[in-house]
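One structure is given below, encoded as structure tokens.
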Amino acid sequence: MTIDRRFVLKGMALGSLAGLTMGAALPSMAGSHAAPGARSGRPLLALVGQGAQNSAFVQGVRAAGGQPQLQQVETSLGFMLGLESQLRSGQPMQVIGLLDDASAALVIDLARSAGARVNWIGQHMATVGQSRHHLVNTQLAEGCSRQLSRQLHACGAGFTLNEERQNSAAPARQLGGPARSTEHSEQWAASVGYLLSSLGTRRPAMAPLVTASRTPLSGSFVSFSIET
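Residue numbering for the sequence shown is -30 to -1, 1 to 198, as defined by mature numbering (1 follows the signal peptide of the UniProt record, and there is no 0).
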């Protein structure tokens, strides 16, 4: 899997873990988005990969406030059945995450099967000093791409960003900036965590500024925001 593989975010039919590649498409949004006011008070569940409890993404999630529940994703049958039970419980909740392609595909497929709303799907590809992002979202995410772009530009991280609005005739938004520093090459993950945690609410502040770890985040990832 290389950074040159194309982004495809729509119409995924999940067959197996091995079947998800950058050439496969992620599912389109299900249902209409909820009004911002309807989201207040929803418990927030943040799904992360193994060993990512203190990652840049989690720092962004926590900076948004509230009391998020952090859960490491497993691909075991027991874990997935437990998550499916939560999604089908009828209890209002918001589920966000930043996962590898295969794990994210499983989670999103479970959400679709449970009739949950998907307000955001993002495909992210990162190398040291450069990241590429393709977002498909609903009106609930208005302004998020611009805020993400502003923060990445301000800290000198190189990036390209394409945004598509679901069920909108507006052309895709394209943003980008050259790399001026590699110090904040993981900033995109913190900013995505912050934005997803506060989706549908006012965001008066920016995500916390994070510096790259000894082993900078690299590879292909999928972010999502799901509502039940």
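Ideal Cβ positions, reconstructed from N, Cα and C, are used throughout, including at glycine. If you're wondering where the values come from, they're calculated on a predicted model, not measured in any experiment.
Point to revise | Nearest neighbour of Phe27, chosen from Ser193, Thr198 and Glu197 [CA to CA] | key: Position 57 of the sequence shown, counted from the start, is the residue given in the question as residue 27. Per the Cα distances, Ser193.
Exercise for review: Determine the DSSP secondary structure at Glu54, reduced to helix, strand or coil.
Suggested key: By 1-based counting over the sequence shown, the position of residue 54 is 84. Of the three classes helix, strand and coil, the one that applies to Glu54 here is helix, per DSSP.
Check your understanding: How many Å lie between Gly92 and Gly19 at the Cα?
Key -> Along the sequence shown, read from residue 1 onward, the residue named residue 92 stands at position 122. Along the sequence shown, read from residue 1 onward, the residue named residue 19 stands at position 49. In a straight line, the C-alpha of Gly92 is about 16 Å away from that of Gly19.
Point to revise | Sheet register partners of Ser190 (DSSP bridge) | key: As a first step, residue 190 is located in the sequence shown; it is residue number 220 there, counting from the start. Answer by DSSP bridge pairing, in chain order: Met95.
Exercise for review: Using alpha carbons as the reference points, say which of Thr45, Gly128 and Ala175 lies closest to Ala34.
Suggested key: Looking up residue 34 in the sequence shown gives position 64. That would be Ala175, whose Cα lies nearest to the Cα of Ala34.
Review point. Measuring CB to CB, does Glu197 end up less than 8 Å from Asn89?
Key: Working through the sequence shown from its first residue, we reach residue 197 at position 227. Working through the sequence shown from its first residue, we reach residue 89 at position 119. Their beta carbons are under 8 Å apart, which means Glu197 touches Asn89 by this criterion.
Practice item. Could you tell me the distance, in whole angstroms, from the CA atom of Leu14 to the CA atom of Val162? Key: The residue you call residue 14 lines up with position 44 of the sequence shown. The residue you call residue 162 lines up with position 192 of the sequence shown. If you take the alpha carbons of Leu14 and Val162, they lie about 15 Å apart.
Check your understanding: At which residue ranges does the segment 105 to 154 contain complete beta strand (DSSP E) runs of 3 or more residues, listed in the order of the chain?
Key -> 128 to 135 and 143 to 147
Point to revise | DSSP state of Ser46 mapped onto helix, strand, coil | key: In the sequence shown, residue 46 corresponds to position 76, counting from 1. Of the three classes helix, strand and coil, the one that applies to Ser46 here is coil, per DSSP.
Point to revise | For Arg172, the three-state DSSP class (helix, strand or coil) | key: Reading the sequence shown from its first residue, position 202 is the one you call residue 172. Correct three-state label for Arg172: coil.
Exercise for review: Would you kindly check if the distance between the Cβ of Gly99 and the Cβ of Thr45 is under 8 Å?
Suggested key: For the purposes of this step, residue 45 is taken as residue 75 along the sequence shown, with counting starting at 1. For the purposes of this step, residue 99 is taken as residue 129 along the sequence shown, with counting starting at 1. No, they are not a contact pair.
Point to revise | Alpha-carbon spacing of Ala111 relative to Ala72, whole angstroms | key: Taking the sequence shown and counting its residues from 1, one reaches residue 111 at position 141. Taking the sequence shown and counting its residues from 1, one reaches residue 72 at position 102. Cα to Cα, the separation comes out at about 24 Å.
Review point. Can you name, in chain order, every residue of its own chain whose Cβ lies under 6 Å from the Cβ of Ala195, other than the five neighbours on each side?
Key: On the sequence shown, residue 195 is found 225 positions in, with the first residue counted as 1. At residue 195 the sequence reads Ser, which differs from the Ala that was named. Ile66, Asn89, Trp90, Leu166 and Leu169.
Practice item. Please check the pair Ala86 and Leu57, which I expect to be a contact at CB under 8 Å, by giving their CB distance rounded to whole angstroms. Key: Translated into the one-based positions of the sequence shown, residue 86 becomes position 116. Translated into the one-based positions of the sequence shown, residue 57 becomes position 87. Yes, they are in contact, since the Cβ atoms of Ala86 and Leu57 sit about 6 Å apart, within 8 Å.
Practice item. Out of Gln29, Thr97, Gln64 and Gly113, point me to the one whose CA is closest to Tyr164's CA. Key: As a position in the sequence shown, residue 164 is number 194, starting the count at 1. Tyr164 has its Cα closest to that of Gln29, out of Gln29, Thr97, Gln64 and Gly113.
Check your understanding: If you drop the 5 nearest sequence neighbours on each side, which residues of the same chain put their C-beta closer than 8 Å to that of Gly36?
Key -> Counting from one through the sequence shown, the residue named residue 36 turns up at place 66. Once the five neighbours on either side are set aside, the close Cβ partners of Gly36 are Leu14 and Ser167.
Review point. On the three-state DSSP scale, how would you describe Ser59?
Key: Numbered from 1 along the sequence shown, position 89 holds the residue referred to as residue 59. Reduced to three states, the DSSP call for Ser59 is coil.
Check your understanding: So, helix, strand or coil for Val162, using DSSP?
Key -> Taking the sequence shown and counting its residues from 1, the one referred to as residue 162 is at position 192. DSSP places Val162 in helix when its eight states are reduced to three.
Check your understanding: Hey, would you say Ser119 sits closer than 8 Å to Leu105, going by beta carbons?
Key -> The sequence position of residue 119 within the sequence shown is 149, counting from 1. The sequence position of residue 105 within the sequence shown is 135, counting from 1. No, they are not a contact pair.
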